Amino acid sequence: MTGYLVTVSLACLVGVAELVSRYRDRPMTLVRVPSTWAYVLINGAAGAGSLLILHTFGWKFGVKSPDVAGATQILVASLGSMMVFRSAVFTVRVGDEDVAVGPSTLLTSLLSAADRGVDRMQAKTRAAEAGQIMREVSFAEAKLALPTYCLGLLQNVPAEDQAALRTAVEALAGSDMTDRQRALNLGLLLMNVAGPDVLRAAVDTMREEITPERETPALA
Numbered sequence: 040m041t042g043y044l045v046t047v048s049l050a051c052l053v054g055v056a057e058l059v060s061r062y063r064d065r066p067m068t069l070v071r072v073p074s075t076w077a078y079v080l081i082n083g084a085a086g087a088g089s090l091l092i093l094h095t096f097g098w099k100f101g102v103k104s105p106d107v108a109g110a111t112q113i114l115v116a117s118l119g120s121m122m123v124f125r126s127a128v129f130t131v132r133v134g135d136e137d138v139a140v141g142p143s144t145l146l147t148s149l150l151s152a153a154d155r156g157v158d159r160m161q162a163k164t165r166a167a168e169a170g171q172i173m174r175e176v177s178f179a180e181a182k183l184a185l186p187t188y189c190l191g192l193l194q195n196v197p198a199e200d201q202a203a204l205r206t207a208v209e210a211l212a213g214s215d216m217t218d219r220q221r222a223l224n225l226g227l228l229l230m231n232v233a234g235p236d237v238l239r240a241a242v243d244t245m246r247e248e249i250t251p252e253r254e255t256p257a258l259a
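Written out as structure tokens, the structure is:
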């Protein structure tokens, strides 16, 4: 029984890690989305089922020691089951898209449901935070300095995420939106990468450099 508990726990942790990596700016929101719980539980059930199969057929992978064989079975069941569940039996062409048919279809559907659930819960909060944090920030002044500063604060942002951020900022710069609209969208982009707390700290530090200068009223 202990082996099954360990296997289920490891398999669930794999699912949790995948979900947290998708929602880095506010991972605790996942707790309130039912589809994320279903995703984690399916990961755990897959691990338990895999361990049951290994025990049924007596697969020990050439290991003679009972303790080592048991540990090997647990690792294979908890991690290997996720590879099976993310695989596709075959691919069907539907219109202009290739649709994978297999265990991965279920997990993809649950991830899509989790995406929508998290987005709905975060939308109102993100709108308020972006408006408050980016208050009086000029996009023209901040478009280069603020993203660079946020990335420097984080240090470990993957290169592909940095490239995607630069591309999105360049697209904003070339759009027909007003400076205020661009600034709000810049805030949302940076919140996706850095989270609201880091963005708020960065804006507070650079506020004098990224807000437009106000003309001092002439004295009569």
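Here the sequence shown is numbered in the numbering used here, starting from 40 and rising by one per residue. From the three backbone atoms N, C-alpha and C, an ideal C-beta is built for every residue, glycine too. Treat the numbers as computed from the prediction; the structure is a model and nothing was measured.
Inter-residue distance for residue 100 and residue 106 is about 13 Å (C-alpha atoms, whole angstroms). Contact check between the segment 77–89 and the segment 157–174: fewer than three CB pairs, one atom from each, fall below 8 Å, which does not count as touching. Here the C-alpha atom of residue 227 lies approximately 22 Å from the C-alpha atom of residue 57.
Annotated three-state conformation of residue 209 is helix, per DSSP. By the neighbour-count criterion, in which 16 or more other beta carbons inside 10 Å mark a residue as buried, residue 235 falls on the buried side. For the pair of segments examined, the segment 179–189 was found not to touch the segment 87–99: the number of CB pairs separated by less than 8 Å stays below three. Here DSSP, grouped into helix, strand and coil, assigns residue 174 to coil. If you draw a 10 Å sphere on the C-beta of residue 213, you find fewer than 16 other C-beta atoms in it, and that means exposed. Here DSSP, grouped into helix, strand and coil, assigns residue 183 to coil. The Cβ-Cβ distance between residue 47 and residue 86 falls below 7 Å.
In summary, residue 221 is buried, with 16 or more beta-carbon neighbours lying within 10 Å of its beta-carbon over all protein chains present.
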